[in-house]
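Q: Starting off with a structure, shown below.
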Amino acid sequence: MMKSTVLFGVPVETGASQRGCLMGPASLRTAGLPQTLSALGWSVEDRGDVQIAPQEITAHANPAVHNLSETRAWIEALEPAAYAAARDSDLPVFMGGDHSMSAGTVPGVARRAAEEGRPLFVLWLDAHPDLHTLDTTESGNLHGTPVAYFTGQAGFEAYPALTNAVAPEHMCFIGIRSVDPAEQDRIQRFEMDVQDMRAIDETGVLVPLRAFLERVRAANGRLHVSFDVDFLDPGIAPAVGTTVPGGATFREAHLIMETLCDSGLVGSLDLVELNPFLDERGRTAKLLCDLTASLFGRRVLDRMTRSFG
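Using the numbering used here, you'd call the opening residue of the sequence shown number 175 and step up by one each time.
If you want it as structure tokens, here you go:
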């Protein structure tokens with residue numbers, strides 16, 4: 175039976191410091207993501223872009239916080255959209271947009287997982303853990319808050335009430351290399367599984383990834399993958415406003431996605447922080463499409479390459 179995927183775009187940039195992420199979904203479509211997945215034998219339904227109405231400004235006790243009303247509205251719009259996509263397909267793809275969108279997509283998938291009687295696990299591929307609350311963020315950029323929110327941390331009274339939280343012990347962060355003190359405190363307090371780039375340098379990506387996947391399998395869990403462009407080294411993926419040197423290489427990223435495919439555990443995917451305004455001739459968008467193709471079943475021997483023999 176043909177597997178199915180639902181795609182939808184999230185043109186949100188209000189959670190980030192630089193403009194341009196709202197063009198991310200269009201860039202992924204232009205790079206051919208729907209056609210790529212269809213060519214791999216998947217049934218593809220593109221539901222277009224989620225939209226929100228203009229919002230009145232909402233103040234917060236932390237004066238650094240901005241675009242709070244917009245973030246709340248995005249969460250309210252995305253939770254039911256992600257839930258429906260997870261219900262209606264085998265592996266939906268949520269095309270961003272900045273990482274604040276995961277405050278809506280992950281709770282939506284978590285609701286579907288709860289309906290199935292399964293725990294939701296989240297693999298966070300990112301340079302940052304995004305564990306700030308509205309009180310601790312110094313930049314006020316709300317793309318740094320989704321993990322703290324959907325793991326049920328305090329301090330989110332201004333966000334929609336959370337009905338299906340992700341247990342902190344069901345998180346796995348890979349590629350982390352930029353952590354603020356408040357985030358470090360939460361990581362230690364909740365004993366979250368964090369594999370920074372030093373750990374990756376020492377063991378490679380497969381050791382921690384396989385250990386996490388075994389935990390997901392043992393719990394009969396549903397797995398959501400949230401892929402931030404800044405997980406990748408900026409040398410291969412320049413189209414992101416939060417570049418941090420020393421990210422994952424081309425092969426490490428493909429190995430992760432291929433291993434996730436082999437596991438058969440992934441039930442949904444975020445692609446976030448793609449800023450085409452910062453790209454080089456669509457280079458990063460094309461790489462994201464190729465990495466998604468690896469998750470959806472493409473292998474090295476499937477790639478058409480020119481022979482010089």
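Virtual Cβ for every residue (Gly too), placed ideally from N, Cα, C.
With distances taken Cα to Cα, identify the nearest neighbour of residue 284 among 257, 301, 269, 213.
A: 257
Q: Can you find the residues in the same chain that come closer than 6 Å, C-beta to C-beta, to residue 432, ignoring five residues on each side of it along the sequence?
A: 468
Q: Suppose contacts are defined by Cβ-Cβ distances below 9 Å. Is residue 454 in contact with residue 393 by that definition?
A: no
Q: Quick one: which unbroken beta strand (DSSP E) runs of 3-plus residues sit fully inside the segment 239-280? Chain order, please.
A: 267-270
Q: Are the beta-carbon atoms of residue 423 and residue 436 separated by less than 9 Å?
A: no
Q: Between residue 234 and residue 332, how many whole angstroms is the CB-CB distance? I'm expecting something under 8 Å.
A: Correct: roughly 6 Å between the Cβ atoms.
Q: Do the segment 206-216 and the segment 243-258 make contact, defined as three or more Cβ pairs closer than 8 Å?
A: No contact exists between the segment 206-216 and the segment 243-258.
Q: Less than 9 Å separating the beta-carbons of residue 350 and residue 426?
A: Not a contact, by the Cβ cut-off of 9 Å.
Q: Anyone know if the C-beta pair for residue 223 and residue 302 falls short of 9 Å?
A: no
Q: Report the rounded CA-to-CA distance for residue 341 versus residue 295, giving the unit in angstroms.
A: 8 Å
Q: Thinking residue 198 and residue 448 are a contact (beta carbons under 8 Å), I'd like their distance in whole angstroms, please.
A: At roughly 4 Å, the Cβ-Cβ gap stays under 8 Å, so residue 198 and residue 448 are in contact.
Q: Go ahead and label residue 231 buried or exposed: buried means 16 or more other beta carbons lie within 10 angstroms of its beta carbon, across all protein chains shown.
A: exposed
Q: What three-state label does DSSP hand residue 233 in the structure shown?
A: coil
Q: Can you have a look at residue 185 and say buried or exposed, based on whether 16 or more other CB atoms are within 10 angstroms of its CB?
A: Result: buried.
Q: Near residue 371, which residues of its chain fall below 6 Å by C-beta distance, leaving aside the five closest residues on each side in sequence?
A: 351, 420
Q: Note down, one range per segment and in chain order, each beta strand (DSSP E) of at least 3 residues found wholly within the segment 290-321.
A: 294-299
Q: Could you tell me how far apart the beta carbons of residue 418 and residue 275 are, in whole angstroms, since I believe they sit closer than 8 Å?
A: In fact, because the Cβ distance is near 20 Å, the residues do not count as touching under 8 Å.
Q: Compare the Cα-Cα distances from residue 246 to each of 319, 344, 450, 180 and report the closest residue.
A: 319
Q: Just verifying my parser: in three-state terms, what is the DSSP assignment at residue 347?
A: strand
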